[in-house]
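What follows is a short report on a single structure.
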Amino acid sequence: MSMNPHETGPQIGPVFFDRRELDPILKVYGRMVAQGEWRDYAMAGHKDFAEFAVFRRTGDAPAYRIEKRPALQTRQGQWAVIGEGGQVLRRGRDLPQVLRVFDARRFQVVE
Numbered sequence: 115m116s117m118n119p120h121e122t123g124p125q126i127g128p129v130f131f132d133r134r135e136l137d138p139i140l141k142v143y144g145r146m147v148a149q150g151e152w153r154d155y156a157m158a159g160h161k162d163f164a165e166f167a168v169f170r171r172t173g174d175a176p177a178y179r180i181e182k183r184p185a186l187q188t189r190q191g192q193w194a195v196i197g198e199g200g201q202v203l204r205r206g207r208d209l210p211q212v213l214r215v216f217d218a219r220r221f222q223v224v225e
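Numbers 115 to 225, taken from the numbering used here, label the letters of the sequence shown in order.
Okay, structure coming up:
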């Protein structure tokens, strides 16, 4: 039995992010906090996916969710950025490319 963590097989336990995945996510998060756009985050590991949710204000619904769904890796890609209304803003196999959705947008809080 091989113990290679990069082999695909049945997932045991919750899906979560590893350090190489969290680094670019936290870099984007830090940039958006510095710009005053985001104020809080939450991470959760579920049976089929991991989620990094960002909030404009503590207690609000998530403004954006970054999801990792390993089962979709060979299809449309395991990474997705999902907007407030549940719409998929970008999906792909390459996390840094998917996170570029935040580079192209000018965020404004509408009161």
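The C-beta atom is built at its ideal place from N, Cα and C for all residues, glycine as well.
- Exposed is the label assigned to M157, since fewer than 16 other Cβ atoms lie within 10 Å of its Cβ.
- Residue state for G150 is assigned as coil, using DSSP reduced to three classes.
- Under the DSSP assignment, L209 falls in the alpha helix (DSSP H) whose first and last residues are L209 to L213.
- In the three-state DSSP reduction, R170 falls in the coil class, being neither helix nor strand.
- Around the Cβ of E181, a 10 Å sphere holds 16 or more other Cβ atoms; the residue is buried.
- Annotation for E165: A158, R179 and E181 place their beta carbon closer than 6 Å to its own, counting only its chain and skipping 5 residues before and after.
- Residue nearest to G199 within the set L213, A175, K141 and R153 is A175 (criterion: CA-CA distance).
- When only Cα atoms are considered, G150 and V212 end up about 22 Å apart.
- V142 carries a helical assignment under DSSP once its states are collapsed to helix, strand and coil.
- Between W152 and V168, the CB-CB gap stays under 7 Å.
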